[in-house]
Structures are given as C-alpha cells and as structure tokens.
Amino acid sequence: MASIDLNCDMGESFGAYTMGDDKAMLELITTANIACGFHAGDPVVMRKTILMAKERGVAIGAHPSFMDLYGFGRRRISGERPEDLEAQLIYQIAAIRGMAEALGWPITHVKTHGSLGNMAAEDAVLADVCVRSVAVVDPSLVFVTLPYSETMKAAEKAGLRIACEIYGDRTYTDEGRLTPRSEVGAVIHDPRQSVDQVLSMVRDGRIPTTGGGKLPVEAATLCMHGDTPGAVGMAAALREALVAEGVTIAPFARPKTRC
C-alpha cells in the first residue's frame, strides 16, 4: 500500500505577529518544519509549536534559512562566505534541537527554507554547506530535499539519510525541478489535478513533467503550505482525497519521546 508523510512549514509567527494557522494544520499533518528565528519564529513561538506538535504526536524538524526576517527568507542572498553561512545554519539547527530536547520531543530532520533551499538545489557549493551543517550537529538527522537537486546529491555523498520531498501544487520541468513561478502553469490551482499529480508520484513513482515526461521518484513526504489564504481547507481536502484513494498517511521519521 502506498504511504506518504505530510509536512508543513510552521512556527513562523514572530512576537506580536501571527503567520498561518499552525494549530489547525497540526491536525492534518504528520511532520512539522519549525522556523529557527532567522526568517521567522522566536524562542516563545518555537517552544509553543514544539509542545503543540508533541501533544498531537507530530514529528518535528529544523527549518533554517538565510538571516532575513525582513524578507521572510524569500530573498535571494549572495556574497555570504561559506563558513559564515555554515555557522548560521549550525546555530539555527542547534537552537531548535536544544529546545526540542528540553521539551522531550526531539527533532527528526532538517529542511531548508525558502530561497536558501531553492538556491542550494541548484548550487553545489551551497548544497555542501547545508549538508555539512546538518552533519556536524547530528548526522542521524534526516535531510529533506527535492529530487534531482544538488542538495540530494550532496546529502547522498555525505551519507545522510534522505527524505525526498514532493509538491502537489507545483508543476515540474523535464529536468525534475519545480517550474519557476514566473512561468505560466507553475502553480496548480485545480484540486483534482493536484491529487492526480500526487498519486502519480506516490503510487506510481513517477513525476509528471510539463513536457509530458514521467521521471522516477521515491517520494517520502508531501509539502502542505500553511501560510496562504485557504491553506487549511486545501490541505484537508488533499489529505481526504489521498486517504480515499488508499494512500496511508504516516511520518517518514518517528520521534522518540523523552521526559
């Protein structure tokens, strides 16, 4: 029987500002990627999000980014020395790891956020920086990565465990990469098309491409966006449709309770 994890980026509120409906999304997903304070989030939000996930048995992981609170980590930042960026990533992963350990719900993985993840997927040097940062903090952590990416190659070379991430609301190029949002048809708005694409990747192990191809993929986790209008409703509908098609919803890595 086909199985898939449902992940969502969260813990992205900051101080008095609220981003997304984390409480509602936690009822639908099996894995949460929690912001570490550099693009969003703060210690109070991190703690609250971890505890909500623990209460519901949802696995958690670090969601590090560029140091970009103003741009929510979605601005392409260049010019950082590799060693400086590596230090920033280690800092973020260690912060959420320490908080999670203290609360008895250890992290299981790391998934890079926004522009950092997109740029590393195409830049071998940046991909190596991201992978090294995970490995030096805890080489047992799973690295969540896009298929056919430089980050996947770097993680495999470093011997990290990998969870291949797919998207149901984005189309793919013939090279296996997400179609740039600047191109027509990059975002899928039809719920049925989204379900059909996910089923192709999860049950058949094939990514439908914009050129009519079918690329092999071993999907482990499906990203569910939680910071857009109507996100909770769309996520609920997609989960319901997958279950109706016989797909099992389960985390790719299970946390071990402590405390």
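Numbering (this note's numbering), first residue to last: 1 to 259. Backbone N, C-alpha and C define an ideal beta-carbon position, used for all residues, glycine too. Here the structure is a predicted model, which means the values were calculated and not measured.
No residue range can be given for TYR70, since it is assigned to no alpha helix (DSSP H) and is classified by DSSP as neither H nor E.
Distance from the Cα of PRO82 is smallest, within the candidate group GLY168, LEU69, ARG170 and VAL131, for VAL131.
Boundaries of the alpha helix (DSSP H) harbouring ASP22: 22 to 25, taken from the DSSP string. Counting only residues of its own chain and dropping the five nearest sequence neighbours on each side, THR31 has a CB closer than 8 Å to the CB of ASP5, LEU6, ASN7, CYS8, VAL58, ALA59, ILE60, GLY61, THR108, HIS109, THR221, PRO251, PHE252 and ALA253. Straight through space, the alpha carbons of ILE188 and THR248 are spaced by roughly 23 Å. Nearest in C-alpha terms to THR112, of all of VAL142, THR171, GLU175 and ARG170, is VAL142. Taking all protein chains shown into account, GLY211 has fewer than 16 neighbouring C-beta atoms within 10 Å of its C-beta and is therefore exposed. Collapsing the DSSP output to three states places PRO180 in coil. In terms of Cβ geometry, SER200 and PRO208 form a close pair [threshold 8 Å].
Contact between ILE162 and MET152 is confirmed by a C-beta separation of about 6 Å, below the 8 Å threshold. Straight across, the Cα-Cα distance linking ARG75 with ASP123 is about 16 Å. Secondary structure at ALA253: coil, using DSSP grouped into helix, strand and coil. Counting only residues of its own chain and dropping the five nearest sequence neighbours on each side, ALA237 has a CB closer than 7 Å to the CB of PRO191.
Pairing LEU69 with GLY114, the inter-Cα distance amounts to about 12 Å.
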